[in-house]
Amino acid sequence: MKRLHKGIHKFQESYFKKEEEFFRRLSAKQEPDVLFITCADARVDPTLVTQSRPGELFIVRNVGNIIPPYDAIRDKNSVAAAIEFAVLKLRVSDIIICGHSNCGAIQALFGDEHDLADMPHLRDWLKVAQPVKETVADACSGLGTEYCRRIAEEENILAQLRNIQTYPFVAQALNEGRIFLHGWYYKIESGNIYAYNPNTENFEVILYAGEAAKHHLQGKGQEE
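With our numbering, letter number 125 in the sequence shown gets 608, and the count goes up by one each step, no holes.
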């Protein structure tokens, strides 16, 4: 806790003082343009990896970046409440569902259910992602553990992209072109983020325009 208290003091004395006018304006209202749904894993920091300022991302975090299908959980579904608020009230233009490498939730999903005997809430929460386990079990028969884990983490992102489209107001916004869905995979050990491309059905590394051009030229030089 001492480290956190020191951090608060540093924030107030340095960053906040320099940006005091920005925070004054920010305090009046929030106008994020992106709903960012990701895992509660402590190693995943959406504002850090996207270099976003306060107020730019409306962030929802939970174990396994899971989105229960519409009507799947009728009682106190905080994820559904956040999606409603972001889409209907804040009118975000983009929704990003971001999974990551070495996800503990995915490991627990594929682990022994007896290991979750003393964590009933976690056990029940992971049941929402049970279709992922069933899909991957068929696809990964006889393949290596590390490769299968990556497939499971990516498949979980795709499953949540499908789940969020079961929300009528999300489906309507998509049909009207008012909102766009994105599936991202964050590889912690490399810092790379991969976006799902529905045309190729693959997760492809995200490159900034200038960086993409550089890679293109490097590839051309190698070919020559």
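The C-beta atom is built at its ideal place from N, Cα and C for all residues, glycine as well.
Provide the residue span of the alpha helix (DSSP H) that contains residue i, from first to last.
i      : result
Val562 : 561 to 567
Leu609 : 603 to 609
Ile676 : No alpha helix (DSSP H) holds Ile676; the beta strand (DSSP E) holding it covers 676 to 680.
Gly587 : 587 to 592
Asp595 : Unbroken run through Asp595: none, as it is neither H nor E.
Gln616 : Per the sequence shown, the amino acid found at residue 616 is Lys instead of Gln. From DSSP, the alpha helix (DSSP H) with Lys616 extends over 613 to 622.
Short of 6 Å in beta carbon distance, which residues of its chain neighbour residue i, apart from the five on each side in sequence? Order them along the chain.
i      : result
Ser584 : Lys670, Ile671
Phe519 : Pro529, Leu540, Ile542, Ile579
Asn646 : Ile550, Pro552
Ile689 : Ile676, Ala678
Where do the ends of the beta strand (DSSP E) carrying residue i lie?
i      : result
Asn685 : 685 to 688
Val653 : Run containing Val653: none in the beta strand (DSSP E); it sits in the alpha helix (DSSP H), 651 to 658.
Asp577 : 577 to 583
Tyr691 : Counting along the chain, Tyr691 falls outside any beta strand (DSSP E), and DSSP gives it neither H nor E.
Leu664 : 663 to 669
Can residue i be considered in contact with the ligand ADP, in the sense that its beta carbon sits closer than 6 Å to one or more heavy atoms?
i      : result
Leu540 : Within the structure as shown, the ligand ADP is missing, as the structure has no ligands at all.
Take the Cβ of residue i as the centre, count every other Cβ of all protein chains shown within 10 Å, and call the residue buried at 16 or more, exposed below.
i      : result
Leu592 : buried
Leu700 : With a pLDDT of only 48 at Leu700, under 50, the local geometry of the prediction cannot be trusted, and no value is derived from it.
Pro515 : buried
Glu659 : exposed
Tyr679 : buried
Ile491 : exposed
Phe686 : buried
Ala612 : buried
Pro643 : Sequence check: residue 643 is Gln here, not Pro. Answer is buried; the Cβ neighbour count reaches 16.
Asn548 : buried
Leu531 : exposed
Leu664 : buried
Gln495 : exposed
Glu636 : buried
Of the residues the options, which one's Cα is nearest the Cα of residue i?
i      : options                        : result
Thr527 : Pro614, Ile491, Val546         : According to the sequence as given, residue 527 is Val; it is not Thr. The shortest Cα separation from Val527 among Pro614, Ile491, Val546 belongs to Val546.
Ala656 : Ala635, Glu617, Ser576         : Ser576
Asp524 : Pro614, Asn680, Cys581, Asp598 : Cys581
Arg544 : Ala565, Pro537, Ala555, Leu690 : Ala565
Arg606 : Gln590, Glu638, Thr618         : Gln590
Leu641 : Ile662, Tyr677, Phe652         : Tyr677
Cys522 : Asn639, Thr683, Phe568         : Asn639
Gly666 : Phe506, Val517, Ser497, Glu504 : Val517
Arg507 : Leu531, Leu487, Gln534, Gly538 : Gly538
Thr649 : Glu503, Leu509, Glu567, Val532 : Glu567
Ala569 : Glu684, Val653, Ser673         : Val653
Gln534 : Thr683, Gly674, Glu629         : Gly674
Return no unless some Cβ of chain B is closer than 7 Å to the Cβ of residue i.
i      : result
Gln495 : Structure shown: chain B not included; a single protein chain is present.
Within a Cβ cutoff of 7 Å, which residues of the same chain sit near residue i, ignoring the five residues on either side of it in sequence?
i      : result
Gly587 : Asp524
Ala555 : Val611
Thr618 : Glu638
Lys616 : Leu592, Phe593
Ala622 : Ile634
Near residue i, what residues of its chain come up, given a Cβ to Cβ distance below 8 Å and the 5 sequence neighbours on each side ignored?
i      : result
Leu599 : Ala591, Leu605, Arg606, Leu609
Ile662 : Val570, Val575, Ser576, Asp577, Ile578, Val653, Ala656
Enumerated in chain order, which unbroken segments of the alpha helix (DSSP H) with a length of 4 residues or greater are wholly contained in the segment 486 to 517?
503 to 509
Mind pulling the beta strand (DSSP E) runs of 3 or more residues that sit fully within the segment 520 to 557?
540 to 545
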